[in-house]
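Peer 1: The sequence shown runs 0 to 116 under numbering that gives the first Met the number 0. Every residue, glycine too, gets a C-beta built ideally from N, C-alpha and C.
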Amino acid sequence: MVRKDASTYTSPGRYQRLSQEDDGFVDAQFKAGPSRIPWKAISYAMLLFAAGTLLLVIGSLLVAGYIEEKYADRTWPLIILGALMFIPGAYHSYIAYYAFKGYDGYSFDDIPSYDDD
Numbered sequence: 000m001v002r003k004d005a006s007t008y009t010s011p012g013r014y015q016r017l018s019q020e021d022d023g024f025v026d027a028q029f030k031a032g033p034s035r036i037p038w039k040a041i042s043y044a045m046l047l048f049a050a051g052t053l054l055l056v057i058g059s060l061l062v063a064g065y066i067e068e069k070y071a072d073r074t075w076p077l078i079i080l081g082a083l084m085f086i087p088g089a090y091h092s093y094i095a096y097y098a099f100k101g102y103d104g105y106s107f108d109d110i111p112s113y114d115d116d
């Protein structure tokens with residue numbers, strides 16, 4: 000069987016000569032396209048971050064006594080709810096900020112998307 004030379008054929012397609020060493024991987028499989036920015040998820044994270052911060056501040060003011068005693072029964076629910084909102088909001092806002100700035104290791108793919116179309 001005669002071996003054909005790929006350089007003699009003209010074709011409209013772009014082809015790359017394969018390496019003689021087969022490692023089982025193709026370079027194109029590791030190239031990812033540009034990631035889409037999940038705007039809904041980022042806005043939801045910012046909302047959680049802001050609301051959680053507000054609830055934590057109000058709960059802290061209740062514990063410190065800067066707000067009247069008659070609202071003291073709402074102290075711990077506000078702090079717990081504020082923490083539950085603050086933690087994921089701060090985490091995803093942090094990832095979004097660093098991905099937007101282009102730091103290595105941070106990508107918008109790390110933020111769960113809510114079917115942004």
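#1: With 16 as the cutoff for other CB atoms within 10 Å, does residue 33 come out buried or exposed?
#2: Buried or exposed for residue 88, going by 16 or more other Cβ atoms inside 10 Å?
#3: Candidates 71, 77, 66 and 36: which alpha carbon is nearest residue 97's?
#4: Is it right to say residue 101 is buried, meaning 16 or more other beta carbons lie within 10 angstroms of its own, or is it exposed?
#5: What is the rounded straight-line gap between the Cα of residue 86 and the Cα of residue 24?
#6: Considering Cα atoms alone, identify which of 55, 45 and 113 is closest to residue 78.
#7: By Cβ distance below 8 angstroms, which residues in the same chain neighbour residue 105 in space, the five residues on each side in sequence not counted?
Peer 2: Checking against the coordinates, here is how it stands:
#1: exposed
#2: buried
#3: 36
#4: exposed
#5: 40 angstroms
#6: 55
#7: 94, 97 and 98
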